[in-house]
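Protein chains in written order, with this note's numbering: chain L, 1 to 295; chain S, 296 to 632.
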């Protein structure tokens with residue numbers, strides 16, 4: 001396996017791709033901080049998947065006799081004002097955090113790619129109009145714009161995701177446009193065009209795939225900010241609604257009792273911090289791995 | 296036509312377009328309300344006549360374009376419409392709450408600059424050493440932490456447990472009547488009137504939220520300072536100066552630092568703009584009677600008018616500070632002329 005992965009001459013496209021992947025993996029491994037971030041994110045996914053096993057009682061099992069208990073052997077992270085186990089809520093909350101980040105990525109990336117590649121490929125007034133729109137969206141700080149949208153749409157996770165996605169696409173579009181501008185001038189695009197391919201086909205089949213790696217890196221780097229924005233909306237009561245165990249919303253309800261029960265505020269905040277730190281570390285490493293200039 | 300006039304004209308045109316865009320976005324936000332704005336004012340029991348009257352007063356019977364033009368008139372006149380939850384014009388409310396935010400943000404930016412710039416320089420000069428790693432990690436933590444959570448933890452540790460700082464709010468009630476607010480910046484007012492006891496109380500209130508906001512901008516400023524500095528230190532003129540026998544710190548101070556000043560100014564302007572975003576959450580945590588808290592109270596009261604006016608204003612300030620950064624860059628850096 002190892003000789004196959006490090007062979008000097010590749011025998012197939014799959015072989016070559018596997019090798020690139022393997023060397024990228026080695027570079028990621030070599031970057032200790034990035035690898036740590038990667039491990040935290042994998043751990044988060046495992047926790048989210050295994051939630052029914054780790055916390056079989058669910059996130060809303062109340063026992064009012066056990067209100068506001070400090071961390072102990074039975075309740076690792078203590079209990080909240082309704083006697084719910086905070087560990088269980090953090091575990092189930094991991095699912096919500098992952099769902100929010102995936103949904104935002106799935107909505108924002110295609111919008112950004114479509115706008116960016118179209119602006120870059122067509123140029124002219126299409127470019128001017130789309131990039132102006134982009135600049136206008138960029139001229140609000142992310143949280144404020146998201147806040148305005150959720151305020152208008154009404155609170156809730158779904159609307160929070162839409163609002164965050166609306167604020168997350170402009171940097172992607174800008175990046176995709178820059179990539180498209182360099183790709184557009186290359187010979188292979190001219191070749192497909194001579195063969196009669198239309199703009200849609202050229203963009204979808206030949207330009208978009210080339211933009212994907214850098215878009216993935218950008219989304220990963222921006223994910224830290226997206227998670228902080230989602231938590232901030234939850235904290236302001238605009239995101240997930242109680243009793244959903246979303247970490248930001250947990251901070252917001254825990255706030256009332258936090259001066260006597262520090263774990264109510266400390267634990268969910270640490271979970272948010274750890275996740276956003278992991279995305280920052282991993283994103284930095286991923287940029288080094290995927291950036292051809294660093295080779 | 297000289298090229299700089301064309302440049303200015305082009306810049307002005309793009310500002311106008313951006314302004315129109317900001318207005319259009321906030322207008323659009325106001326129109327996508329899932330609830331009927333009339334019912335949210337008059338309630339469901341209102342009769343048809345009342346409903347029609349409010350419907351007419353809100354201008355909903357006009358075409359969308361007329362509504363947008365009216366909205367523009369309200370916004371551009373600087374009054375920003377009426378805040379339903381306070382009953383005042385939004386402009387009047389904002390004049391009252393803005394000094395609190397300015398004071399907080401200025402306190403924070405002072406910390407951001409005072410700590411961030413030296414830290415960034417040290418990290419660049421001692422690149423790769425333990426000092427560099429620590430500085431970068433501290434910065435990364437600042438990037439990754441939710442500021443509102445740092446605020447909550449700060450209150451638990453420094454206020455509730457240690458009693459080192461004062462709790463939420465800007466000033467203790469007992470001190471409010473001891474001096475005349477003039478500028479609205481309480482630290483400045485107290486100092487000018489020689490009320491040092493009041494000054495101490497206000498300081499004990501501002502130090503925690505100010506430091507936490509300052510930490511976030513410090514993370515940004517130190518990171519940028521480090522990368523600007525590294526770029527300069529790699530240049531040949533630095534080596535030349537060193538070869539001529541200049542000491543390391545003299546080279547840093549006299550040559551490298553002077554060359555990154557322009558870039559630093561633009562970064563600081565942007566950091567100040569980002570402070571406004573952080574202030575919305577921090578002010579909520581610390582019950583700080585400023586702009587951010589006004590915005591969140593408007594949100595809780597369901598007052599879209601006030602909320603959208605605030606969103607628009609933050610957008611305007613953001614654009615303004617970006618523009619200022621750009622202008623400063625052109626003004627200070629001879630290479631851009």
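Where is the CB? At the ideal position from N, CA and C, for every residue including glycine.
Chain-order list of chain S residues neighbouring residue 136/L: 313, 316, 317, 320, by C-beta distance under 7 Å. Residues of the region 256-281 of chain L whose Cβ lies closer than 7 Å to any Cβ of chain S, in chain order: 258, 259, 262, 265, 266, 269, 272, 273, 276, 277, 280.
Only 575, 576, 579, 580, 590, 591, 593, 594, 595, 597, 599 from the region 574-601 of chain S bring a Cβ to less than 9 Å from some Cβ of chain L.
In terms of Cβ geometry, residue 581/S and residue 434/S do not form a close pair [threshold 8 Å]. Counting only Cβ-Cβ distances below 7 Å, residue 232/L has contacts in chain S at 441, 443, 576, in chain order. Residue 55/L has a beta carbon lying at 8 Å or more from every beta carbon in chain S. According to the DSSP assignment, residue 531/S belongs to the alpha helix (DSSP H) that extends over 531-538.
Using a Cβ distance threshold of 8 Å, residue 231/L and residue 272/L count as a contacting pair. Scanning its chain for C-beta atoms nearer than 6 Å, with the 5 sequence neighbours on each side dropped, one finds around residue 443/S the residues 576, 580, in chain order.
Apart from the 5 residues on each side of it in sequence, residue 572/S has no Cβ closer than 7 Å to any other Cβ in its chain. Less than 8 Å divides the Cβ of residue 586/S from the Cβ of residue 396/S. Using a Cβ-Cβ cut-off of 7 Å, residue 453/S is close to nothing in chain L; its nearest Cβ partner there is about 12 Å away. Between the region 72-80 of chain L and the region 136-154 of chain L there are fewer than three inter-stretch CB-CB distances shorter than 8 Å, so the stretches are not counted as touching.
Taking 8 Å as the cut-off between beta carbons, the residues of the region 606-622 of chain S near chain L are 606, 609, 610, 613, 614, 617, in sequence order.
Take the alpha-carbon of residue 103/L and the one of residue 146/L: they are about 15 Å apart.
For residue 572/S, the nearest CB of chain L lies under 8 Å from its own CB, placing it at the interface with that chain. Counting along the chain, the unbroken alpha helix (DSSP H) around residue 482/S starts and ends at 481-487. Residue environment for residue 516/S: buried (at least 16 other C-beta atoms within 10 angstroms of its C-beta).
Per DSSP, reduced to three states, the secondary structure at residue 85/L is strand. Bounds of any alpha helix (DSSP H) do not take in residue 455/S, whose DSSP letter is neither H nor E.
For residue 200/L, not one C-beta of chain S is nearer than 8 Å to its own C-beta. Annotation for residue 160/L: 100, 146, 150, 230, 233, 234, 238, 239, 240 place their beta carbon closer than 8 Å to its own, counting only its chain and skipping 5 residues before and after.
Using a Cβ distance threshold of 8 Å, residue 263/L and residue 70/L count as a contacting pair. Burial check for residue 340/S: the Cβ neighbour count within 10 Å stays below 16, so the residue is exposed. Residues of the region 132-160 of chain L whose Cβ lies closer than 8 Å to any Cβ of chain S, in chain order: 132, 133, 135, 136, 137, 139, 140, 141, 142, 143, 144, 145, 147, 148, 149, 151, 152, 153, 154.
If you look at residue 25/L, you'll find it in the alpha helix (DSSP H) that goes 13-30. Every alpha helix (DSSP H) stretch that sits fully inside the region 123-199 of chain L and reaches 4 residues is listed by chain position as 124-138, 142-153, 157-184, 187-194.
Contact check for residue 285/L against residue 34/L passes: the beta carbons are separated by less than 8 Å. The Cβ neighbour count for residue 394/S, taken over all protein chains shown within 10 Å, is at least 16; the residue is labelled buried.
In the three-state reduction of the DSSP assignment, residue 578/S falls in the helix class, which pools H, G and I. The C-beta distance from residue 220/L to residue 176/L rounds to 15 Å, too long to meet the 8 Å contact threshold.
Among the CB atoms of chain L, one or more fall inside 8 Å of the CB of residue 324/S. By DSSP's assignment, residue 97/L forms no beta bridge with any residue. DSSP, reduced to helix, strand and coil, places residue 321/S within a helical segment of the structure shown.
Taking CB atoms only, residue 235/L has a neighbour in chain S less than 8 Å away.
Taking a contact as a CB-CB distance under 8 Å, the pair residue 194/L and residue 121/L does not count as one, their CB atoms being some 16 Å apart.
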